[in-house]
Amino acid sequence: MQETRSTCPYCGVGCGVIIESDGHAIVGVRGDPSHPANHGRLCTKGSTLHLTATPEQGEQTRLLAPRLRSRRGGERIAVSWDAAMQHASARLHDIIVRDGPDAVGFYLSGQLLTEDYYVFNKLAKGLIGTNNIDTNSRLCMSSAVAGYKATLGADAPPACYEDIDSAGCLFITGSNMAWAHPILFRRVEAAKSARPDMRVVVVDPRRTETAQLADLHLAIRPGSDVMLFNGMLHIMLAEGWIDRGYIDAHTSGFESLMALAREAVPQRVAEVCGVSQDDLRTAARWFAFGADAPAPARAGTLSFYCMGLNQSSSGTAKNAALINLHLATGQIGREGAGPFSLTGQPNAMGGREVGGLANLLSAHRDMGNPAHRAEVAALWGVPDVPASPGKAAIEMFEAAAAGEIKALWIACTNPAQSMPDQSLVREALRRAEFVVLQEAFATTATAQFADLLLPATTWGEKLGTVTNSERRISRVRAAVPPPGQARHDWQIGVRLARALEVRLRPGRASLFPYDCEDAEAGAEAIWNEHRQSTRGRDLDITGLSWPLLDEQGPQQWPMPEGAAIGRPRLYVDGVFPTPDGRARFSAQPWQPLAEPTSERYPFSLNTGRMRDQWHGMSRTGQLGRLLAHESEPLLQVHPQDLQRLQLQAGDLVHVTSRRASIVLPVRADAQLAPGQVFLAMHWGGESLGGRGCAGQVLAGVNALTTPARCPQSRQPELKHAAVKVLKADMPWSCLGMSWLAGDEVLRVRDALAQMMSEFDFASCVLFSSDVPLSEAHRARSGVQFRAAAYEAPAPQVLQRIAELLRLDDPQALRYVDARRRHSRTLRQSHREGQSLLEGFLLCGDASAGQWLGDVLKGELSTQPYGRMLLASGRTPPRAAPAKARPVCACMNVGEAAIVQHLRSHGGTPEERLQGLKSTLACGTGCGSCIPAIKELVRGVPVPTQRMAA
C-alpha cells in the first residue's frame, strides 16, 4: 500500500488529502492532519473521493482515447494523439488564417492546475494572438476580483483562516458556508463554541444551516446587498463609529462615499431590504467594533462572502460596498479582521494568478497597461500580446452563436450545464465550426456537442499546484498512472501549441520547451516560469520552490526571494498596491435586480448548492450515497405559496422564466420567504429533462437563468431570475428503481438519461441503501428513473426501460391493465429465507412508489406483503416503517435513528449531541450534518425520568 499527499479537487478551502493506492488503483482517502487548511478533516465529498476513482467507475465514465467525428451527427471514432493534434492544429490554423485569431475561443476551468492554466494562457495570448480565453471562474469569482481591484488595488484576499479564531464578529453574507465550504465552517463553529461572546451575523434571503448559527440573521430581499451595506455605513457615520484616523492615513475617496451613504437612511434601507431598523443598527455596531458595544480598542470583524454577492448584475458593487465597510472602520490588515472572499473552485485563485481570464495577464498584470504587456511578451519571447480584452465567458458563446467565433476549445468544464441561458449556449455549440472538449469524463452534457474529444487526467492522476482561498499554494501529486491514453491538461496544451507553431511560425524555436515525457519535470518547469513572472509583483513567490513545498508543506503568497515563510495577512502596514499606496473607497449606488419579479413572473428563483454535491455532478453524481440527503431534483417553495397555488408536496410544476420552462416536483421549505423559490444549481440536462410543448429538449436549471451580467466583472446574475410556477397536470407517470451491479450502474443511468426526452418530464439519478454503513452490503447502488407525460408513451419505450432496469426477468411479478395503460413489474430475490425487493417499474400510476421505494432502499423483507406488492396507491397495504430522512451521509444515519436515541437520553443539548456522536457516530465525519442534528436535539424533548418507587 502506498500513501500520496495531495489536495482535494472540490471547493477553494483547499483541503489536504492522503491518497491510499496499491500502485494501480486508488483504494482509500483520508484528510491530511499536517495540512493547515483542514488539519485532517474532510467533508462528505472529499471523504468519498476514492469511491469515484475505482476502475469499475472509470470503465463506465472515463474518456480513455481521443475520439473524432468527421461530420456533425456522425459517429466518433478513436484516433491516435498524433492524428488528433494534427487535425486540431490544421482546423485552428485554417480558421485563424481565414478569419483572424479572434475567431478562436478557449473556455477553461477553475479545476485546472496552475500549470495547465499557464500553458493555455500562453498558447492563446502569446502564440495565437487572441485574448479570447476565459474560464468558468467568470461564473463564480470575477466580481470578487473586480471588487478587490476597485478598492484594495489587487486581487488578493487579505485575511487567513486563522483569523476566525480571533475575530470578535463574523459577518457572513451571500454564503451558505455550512454546505458550500463545510470544513471551514467547522472552524467557525469551533470558534463560536470556544468564545460564545463572538458575534455571528448572517445575511441571506434563506434561513440556511449557516444562519442557524447566527446571533443575527438578516433575511434581506434578493439583490438588496448594496443598499444594506450603504445603510450600515450611514448609521456608522451618524453614530461616529467609523475610524477617521485610518481613513485619513490609508484611504482616498471617502467624501464621495459619504454623500452616497447619507442617502441610505434607515427607513428606506429597511423598506428595500426587508429588515428591521433595529437589526440594521445592531449589524452596523457589531461590524464596526467587532463586539456588542464600543470599546477603546476595536475587536476584529472578519467577513466571509461568496456567490450571493458575486453572481449578480451588481456583483462588483456588492463586493466593493462590503470592503468599504472594512476600510471605513479600520477592519483590515490586522488579526481577526478583513474582507475574505470564499473561492468556489479548487484553483480559481491559481488561474487568476497566471492571468487566466480574458481581461488579465500573468501575475496580476493589467491588459490595458502597455508596460505590463511588454513584460509578459518579453517573458514569453513574443513580439507582443494583444491589447484589447478578449470576450468573457458569456460573450464568447454569444459570439459563437452569432457566427463570429468559429472554434471553441473547452477544457475541464461543462458549459452545456453550468452557463445561463442554455438555449443560447447550445446554439453556440451547434453553430461553431469546430468544438473540442478535453475532459476526464465522457458523460457530461457538453461532450455530445464536441467534434473532438480529448482524454484528460483527473484527481489522483494529476500533478502540479493549486492555490486556495487564503492564498496558500499546495502540491497536487499523482497516486496512480493515467488510465488509457489520458494526458495532463498542460501536456495537451503543449502538444497543440507545438503542432500550431509548425504552421504559424515555422522554423523557429518552440515557445513551449517543457518536457512532456517526464511529467514531473515538465510541470515544475512551467511553474518556475510562472514564478519568475511574479517577481516584484504583489503575489511575488520567487522565494518558493517545489522542493520547499515538498519539505515544508503548503505556503502562502507573497513569499518573495529571501523570505522564510509566506505572509498570512496583507496590508498590515496600511500600504496598498495602488499608485499612491492608499486603498480606494468605491461609491457605487444600489441598483435593482436585472430581472425584477412582475405580475407575470411573480417568483424570485434563487439557485445554490446541495450539501453533498458539487457543481455539475460529473464526479459526485456517480455515488448514490451522496444523493441520499437530496435524492432528486425538487423546487423548494414556501408553504404559504404551496397552499395559495393549491399544490401538494410532490406535485409536478412548470417553472417558467422569460427564456425557457422546465418541469419538476415541488417541496415545502419554510427557510424561504414567501415569493421566493429555490432550485439547486447542480441539476442539468444529465439528470433532469423532458420535452417542451414544441418538442424541444429541456436542459435543466440553467435553461431558466439570465445572461444579464455585472458591467465591470461581466459575471452573470445566476442567483436570481424571475419565474412563474404553474401546476403540471400530467395524468400518466412512471417510477422505476432497481439495484444494479457496480460495473453497470453508471452505464444504465446514462442510457436511461438518454430516454428522458421521450417524456414531458423525467429525472434520472442514483440511489443507495438506507442500511447503515457497518453492514457488509453497504456499498449497494441503484438507478431511479421518474417520468410523467400528458399521454402514455409507446410500449417499446417502457419495454426498453424495463430491460435497462433488469426487470425483464420471466419470474418477475407483473400486473397489466392494457385499457388504462397501467402496469406494475417487480423483481425479487431470496436470501437467507427472506424475500427482498430488487427493483420495480410502475407505469400509469406511480404513487405506490412512495412506499415501495422505502422497502427497496431499506432492504426490507417483502414477505409481509405477498402479492399485495402489486397494489396501487400512496398508502401501503399494511403498516410499513416510516421513511427515515437521511441526516449523516458519512455514517449513513437517518433521522429515525437519531430521534429514537434522543427520546431515551437526557442531559444538556451538548451532552445529547455528544451521546449521538459516541453511539451512532453521526456528525463524527465531516460534520456537515451537525446543524441538522442540533435542530433535532432542540426539537426532541428531553425524556422525563421515572420517579423512584
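In this note's numbering, the protein residues as written are 818 to 1766.
Using N, Cα and C, we set each Cβ at its ideal position, and we do this for glycine too.
On a predicted model such as this, the values are computed, not experimentally measured, just so you know.
Own chain partners of residue i with C-beta closer than 6 Å, once the 5 adjacent residues on each side are dropped
| i | result |
| --- | --- |
| phenylalanine 1251 | Arg908, Ala1224 and Asp1268 |
| leucine 1505 | Pro1450, Gly1517 and Ser1580 |
| arginine 886 | Arg893 and Asp1268 |
| methionine 1764 | With a pLDDT of 36 at methionine 1764, under the threshold of 50, the modelled position of that residue is not reliable, and no figure is offered here. |
| glutamate 873 | Gly1559 and Asp1560 |
| leucine 1673 | Met1554 and Leu1654 |
| serine 1770 | The first residue shown for the chain is 818 and the last is 1766, placing residue 1770 beyond what the model contains. |
| serine 1598 | Gly1441, Val1562, Leu1583 and Ser1585 |
| serine 823 | Val834, Ile836, Val1293 and Arg1294 |
| alanine 961 | Asn1127, Asn1136 and Ser1158 |
| threonine 1025 | Asn993 |
| glutamate 1378 | Thr1359 and Gly1360 |
| valine 763 | For the chain, the structure presents residues 818 to 1766; residue 763 sits outside this window and is missing. |
Residues bridged to residue i [DSSP beta-bridge criterion]
| i | result |
| --- | --- |
| alanine 1224 | Val921 and Phe1251 |
| aspartate 951 | Tyr924 |
| methionine 1554 | Gln1601 and Phe1657 |
| glutamine 1529 | Paired residue(s): none; glutamine 1529 is not in a bridge. |
| glutamate 820 | Glu837 |
| glycine 1091 | According to DSSP, glycine 1091 bridges with nothing at all. |
| aspartate 1578 | According to the sequence displayed, residue 1578 carries phenylalanine and not aspartate. DSSP lists Ala1605 as partners of phenylalanine 1578. |
| serine 1478 | Thr1473 |
| glutamate 1256 | Pro1272 |
| aspartate 1587 | Beta-bridge pairing links aspartate 1587 to no other residue. |
Anticipated Cβ contact below 8 Å, residue i with residue j, distance rounded
| i | j | result |
| --- | --- | --- |
| valine 1017 | alanine 1031 | 5 Å |
| proline 850 | histidine 841 | Going by Cβ atoms, the distance from proline 850 to histidine 841 rounds to 26 Å, so no, they are not a contact pair. |
| lysine 1751 | glutamine 1128 | Their Cβ separation, rounded to whole angstroms, is 29 Å, which puts lysine 1751 and glutamine 1128 out of contact at 8 Å. |
| threonine 1027 | phenylalanine 1002 | 7 Å |
| glycine 1172 | tyrosine 1063 | Actually they are not in contact, since the Cβ atoms of glycine 1172 and tyrosine 1063 sit about 32 Å apart, beyond 8 Å. |
| serine 1415 | glutamine 1493 | In fact, because the Cβ distance is near 15 Å, the residues do not count as touching under 8 Å. |
| glycine 1742 | glycine 1732 | About 17 Å; that fails the 8 Å criterion. |
| aspartate 1201 | alanine 1194 | 5 Å |
| serine 1745 | arginine 1428 | 5 Å |
| glycine 1091 | arginine 1038 | 4 Å |
| proline 1206 | alanine 1175 | 6 Å |
| lysine 1544 | leucine 1464 | 6 Å |
Per-residue burial, residue i [other beta carbons within 10 Å of its own, 16 or more giving buried]
| i | result |
| --- | --- |
| glutamate 1727 | exposed |
| cysteine 1510 | exposed |
| aspartate 933 | buried |
| aspartate 839 | exposed |
| threonine 1761 | exposed |
| methionine 1382 | The amino acid occupying residue 1382 in the given sequence is isoleucine; methionine does not appear at that position. Looking at its Cβ environment, which holds fewer than 16 other Cβ atoms inside 10 Å, isoleucine 1382 is exposed. |
| threonine 1692 | exposed |
| glutamine 877 | buried |
| leucine 1658 | buried |
| glutamate 820 | exposed |
| proline 1143 | Checking the displayed sequence, the identity of residue 1143 turns out to be histidine instead of proline. So histidine 1143 ends up on the buried side. |
| cysteine 828 | buried |
| glutamine 1529 | buried |
| alanine 1101 | buried |
| alanine 1749 | buried |
| serine 906 | buried |
Own chain, CB closer than 7 Å to residue i, minus 5 neighbours either side, in chain order
| i | result |
| --- | --- |
| serine 1685 | Just to set this straight, residue 1685 is methionine in the shown sequence, not serine. Closer than 7 Å at Cβ, skipping near neighbours: Pro1694. |
| valine 1757 | Val1716, Leu1719 and Arg1720 |
| leucine 880 | Glu1256, Ala1257, Phe1258, Ala1259, Leu1270 and Pro1272 |
| arginine 1352 | Thr1359 |
| proline 918 | Ile945, Gly946 and Thr947 |
| aspartate 1486 | Gln1453, Val1454, His1455 and Phe1495 |
| glycine 1656 | Met1554, Ser1555, Trp1556, Leu1622, Arg1623, Leu1624 and Arg1644 |
| glycine 1467 | Pro1482 |
Own chain residues within Cβ distance below 8 Å of residue i, not counting five before or after
| i | result |
| --- | --- |
| proline 975 | Leu969, Ile1149, Gly1150, Gly1155, Pro1156, Phe1157, Arg1386, Leu1387 and Tyr1388 |
| glutamine 1430 | Lys862, Thr1437, Gly1438, Leu1443, Leu1444, Glu1447, Ala1497 and His1499 |
Q. Do the stretch 1329-1338 and the stretch 920-928 make contact, defined as three or more Cβ pairs closer than 8 Å?
A. Touching, no.
Q) For the 8 Å Cβ check, are there 3 or more pairs between the stretch 1252-1259 and the stretch 910-918? A) No, the stretch 1252-1259 does not touch the stretch 910-918.
Q: Would you check if there are 3 or more beta carbon pairs closer than 8 Å linking the stretch 933-953 to the stretch 1115-1127?
A: No: fewer than three Cβ pairs fall under 8 Å.
Q) Per the contact definition of three or more C-beta pairs closer than 8 Å, is the stretch 1402-1416 in contact with the stretch 977-996? A) No contact exists between the stretch 977-996 and the stretch 1402-1416.
Q.
Taking contact to mean 3 or more Cβ pairs, one atom from each stretch, closer than 8 Å, check whether the stretch 1057-1072 and the stretch 1517-1526 are in contact.
A. In short, these stretches do not touch, since the Cβ pair count stays below three.
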